[in-house]
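Visitor: Residue numbering for the sequence shown follows my numbering, starting at 35 and increasing by one per position.
Backbone N, C-alpha and C define an ideal beta-carbon position, used for all residues, glycine too.
Below you will find the structure I want to go over with you.
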Amino acid sequence: MGFNILYVAAEAEPYVKVGGLGDVAGALPKAIRECGMSLHGQNGVDIRLVLPYHHAIKKKNFSTKYLGEFPIPKTDQAITCQVYQAVNNGLKVYFLDGEPIDKKSPVYSLDPIHDGQKFTFFSLASLHLPDFLDWPVDILHGNDWHTAVAIYALRTHQIRSRKISKAKTVHTLHNLPFMGTDIGQVLSEYGIQPVEDEQLPAWARKLPLPLGLLHADKIVAVSPNYAKEIFTPQFGCGLDTFLNTRKHVITGIINGLDYKQWDPATDPEISQNFSIENLEDRSKNKRVLQKDFNLKVNKDTPLLTIISRMDAQKGFDIAIKGLGYLQNESWQAVFLGTGDPIIEGMTRGLEAKFPDRVRSLIKFDSTLARQLYASTDIFMMPSRYEPCGLSQMIAMRYGCVPIARATGGLVNTIKHVSKSVSSGTGFLFHQPYPSAFSRILSRALHLYLKPQQWRQIQINGMKMDFSWETSAQKYIDVYQELLSSET
Ligand code: ADP
């Protein structure tokens with residue numbers, strides 16, 4: 035039996051990407067569609083992606099077709115939502131536009147009120163889309179706080195949209211701490227009542243993400259380990275007691291990686307393509323990078339990197355202090371990221387302290403990111419929490435060995451190199467402290483001096499299977515389980 039899924043997200047590749055959500059929403063619907071076709075034939079699983087028509091997407095001039103418009107009721111006056119359609123490898127994609135979205139602001143602005151209005155409008159407009167398309171929806175699939183209001187409004191029967199009214203709901207939790215801003219006022223402007231449920235702590239009752247989590251038929255965390263961590267005070271962000279009441283609907287499915295997008299054998303952005311068969315060629319990329327960044331060209335000096343949003347979550351401070359403890363060891367490091375000005379300053383500070391071996395690149399640069407994955411030896415990921423993490427998977431696929439904190443999805447994706455390197459793919463440390471980081475890094479630096487063993491670790495990582503197929507199948511199982519249940 036086939037079924038229809040409305041997949042709503044704030045960002046998705048190739049249209050717009052700010053972080054890991056963009057990778058996932060760009061790849062998962064395609065993978066579900068393909069998996070569904072192999073299970074149920076051509077019209078098996080009809081999954082369609084819905085995105086806000088962000089200014090950043092419009093600027094890229096993708097070919098889209100204007101389908102029409104519909105009103106979103108509001109107490110003072112209705113707001114018009116315009117619908118555009120694109121097709122990406124057979125996947126139907128809808129862009130929703132309207133006054134709260136059509137501003138020249140970034141995908142996520144620094145103004146939480148503006149973002150609250152934009153994503154509330156987008157979430158509610160998504161619920162009206164199936165009637166506009168005359169397309170019945172069996173599953174509404176939301177992601178993070180931006181689209182959680184769609185689930186709340188649907189499940190509390192506050193939106194009259196016939197074609198989606200009976201849909202089951204799935205919400206994927208990529209990042210619990212980002213719950214959105216107080217949208218109480220915005221909801222009442224759209225005629226939507228606040229929550230009365232006492233299961234939710236009072237402070238969370240007007241925040242989009244908790245509202246969605248309260249009502250979703252199934253909550254999927256982006257790794258099995260994160261799905262367990264969120265029940266604890268350390269990772270539950272004040273919602274752990276509430277989440278424990280929803281334990282029966284929570285599961286974890288690890289994110290995959292788009293293996294066509296991320297392939298060192300064909301990646302056009304890197305100087306030298308390589309695979310396990312000609313892994314020795316990889317060092318040519320390192321030479322180019324060292325030259326480009328005016329670092330001493332030496333293939334025996336371990337080259338380290340972090341490519342990430344500069345946010346406290348990512349533990350830049352842990353790595354920076356930890357590297358400071360290892361001044362007497364041989365290493366070079368390149369940091370690529372943007373975000374918190376304090377962290378940007380810290381990486382610049384490290385470059386000032388070690389001008390001959392550190393480079394701090396404060397920007398978002400997808401091409402450079404690929405070159406770093408393909409040339410550096412060690413990927414540092416000392417995250418304080420990490421729901422899934424994609425960078426470590428990309429790093430392993432590109433023969434760059436991760437050193438990561440044992441948290442969230444990092445535990446599910448990295449096999450720690452124990453005494454024997456036979457199956458290890460990287461290094462895990464437990465305490466989020468520079469001392470713990472530097473101890474494990476020191477161990478890795480010493481193993482780097484044993485080329486055969488190091489090569490084995492690289493190969494183990496390159497052989498890991500993080501393709502989306504397995505995860506897409508698990509999501510289809512979740513949908514089918516919901517559709518076959520009575521309630
Ligand atoms: P998160 O989603 O928490 O930001 P992930 O590890 O899940 O972290 O995904 C981050 C993605 O964003 C990876 O594909 C990474 O390569 C990319 N990325 C992060 N910062 C940059 C940057 N400054 N330039 C290019 N790519 C970046």
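Could you tell me the boundaries of the beta strand (DSSP E) in which glutamine 119 lies?
Guide: Along the sequence shown, one-based indexing puts residue 119 at 85. For glutamine 119, the enclosing beta strand (DSSP E) covers residues 113 to 122.
Visitor: Let's see if you can read the secondary structure: which residues bound the alpha helix (DSSP H) around leucine 538?
Guide: Nothing about residue 538 can be reported from this structure: the residues present for the chain run from 35 to 521 only.
Visitor: Which full runs of the beta strand (DSSP E) of 3+ residues lie inside the region 143 to 228, going along the chain?
Guide: Here the runs fully enclosed are 173 to 177 and 202 to 207.
Visitor: What three-state label does DSSP hand alanine 46 in the structure shown?
Guide: The residue given as residue 46 occupies position 12 in the sequence shown. If DSSP states are grouped into helix, strand and coil, alanine 46 belongs with the strands.
Visitor: Have a look at cysteine 422 and glycine 132 and give me their C-alpha separation to the nearest angstrom.
Guide: Position 388 of the sequence shown, counted from the start, is the residue given in the question as residue 422. Position 98 of the sequence shown, counted from the start, is the residue given in the question as residue 132. One C-alpha to the other measures close to 33 Å.
Visitor: Where do the ends of the beta strand (DSSP E) carrying alanine 440 lie?
Guide: As a first step, residue 440 is located in the sequence shown; it is residue number 406 there, counting from the start. Element bounds for alanine 440: n/a, residue is neither H nor E.
Visitor: Residues in its own chain within less than 6 Å of arginine 418 by CB, not counting five upstream and five downstream?
Guide: By 1-based counting over the sequence shown, the position of residue 418 is 384. So the qualifying residues of the chain are Gln347, Gly349 and Pro466.
Visitor: Identify, in the order they occur along the chain, each residue of the same chain with its Cβ nearer than 8 Å to the Cβ of histidine 162, setting aside the five sequence neighbours on each side.
Guide: Along the sequence shown, read from residue 1 onward, the residue named residue 162 stands at position 128. Cβ within range, chain order: Phe104, Ile106, Cys115, Ile193 and Ser195.
Visitor: Of the residues Leu395, Leu444, Thr109 and Tyr513, which one's Cα is nearest the Cα of aspartate 326?
Guide: Along the sequence shown, one-based indexing puts residue 326 at 292. Nearest C-alpha to aspartate 326: Leu395.
Visitor: Could you pull the DSSP bridge partners for tyrosine 41 from this structure?
Guide: Taking the sequence shown and counting its residues from 1, the one referred to as residue 41 is at position 7. DSSP output for tyrosine 41 lists Leu83 and His175 as bridge partner(s).
Visitor: Just to confirm, does lysine 137 get its C-beta within under 7 Å of one of the non-hydrogen atoms of the ligand ADP?
Guide: Within the sequence shown, residue 137 is the residue found at index 103, counting from 1. Flag unset: Cβ of lysine 137 not near the ligand ADP.
Visitor: With which residues is isoleucine 253 paired in a DSSP beta bridge?
Guide: The residue you call residue 253 lines up with position 219 of the sequence shown. BP columns for isoleucine 253 point to His205 and Ile284.
Visitor: With distances taken Cα to Cα, identify the nearest neighbour of leucine 247 among Gly176, Ile113, Ile491 and Leu83.
Guide: Counting from 1 along the sequence shown, the entry for residue 247 is found at position 213. In terms of CA proximity to leucine 247, Gly176 leads the group Gly176, Ile113, Ile491 and Leu83.
Visitor: What is the C-beta distance between valine 79 and isoleucine 491, in whole angstroms, given that I count them as a contact (C-beta under 8 Å)?
Guide: Working through the sequence shown from its first residue, we reach residue 79 at position 45. Working through the sequence shown from its first residue, we reach residue 491 at position 457. Going by Cβ atoms, the distance from valine 79 to isoleucine 491 rounds to 38 Å, so no, they are not a contact pair.
Visitor: By the DSSP assignment, the beta strand (DSSP E) with lysine 99 in it spans what residues?
Guide: Within the sequence shown, residue 99 is the residue found at index 65, counting from 1. Start and end: 99 to 106.
Visitor: State buried or exposed for lysine 252, treating a residue as buried only when at least 16 other CB atoms are found within 10 Å of its CB.
Guide: The residue you call residue 252 lines up with position 218 of the sequence shown. Classification of lysine 252: buried, given that the 10 Å Cβ count is 16 or more.
Visitor: Distance, Cα to Cα, leucine 475 vs isoleucine 341?
Guide: Translated into positions along the sequence shown, residue 475 becomes position 441. Translated into positions along the sequence shown, residue 341 becomes position 307. Isoleucine 341 has its alpha-carbon roughly 17 Å from the corresponding atom of leucine 475.
Visitor: Quick one: residues in its chain with C-beta nearer than 6 Å to the C-beta of alanine 43, no 5 flanking neighbours on either side, listed in chain order?
Guide: To locate residue 43, count along the sequence shown from 1; it is residue 9. Excluding residues within five positions, the ones whose Cβ falls inside 6 Å are Ala59 and Asn177.
Visitor: Which runs of the alpha helix (DSSP H) at least 4 residues long sit entirely within the region 351 to 433? Give them in chain order.
Guide: 375 to 387, 400 to 409 and 425 to 431
Visitor: State the CB to CB distance for the pair tyrosine 41 and isoleucine 81, rounded to an integer number of angstroms; the pair is presumed to be in contact (CB under 8 Å).
Guide: As a working note, residue 41 is residue 7 in the sequence shown. As a working note, residue 81 is residue 47 in the sequence shown. About 6 Å; that satisfies the 8 Å criterion.
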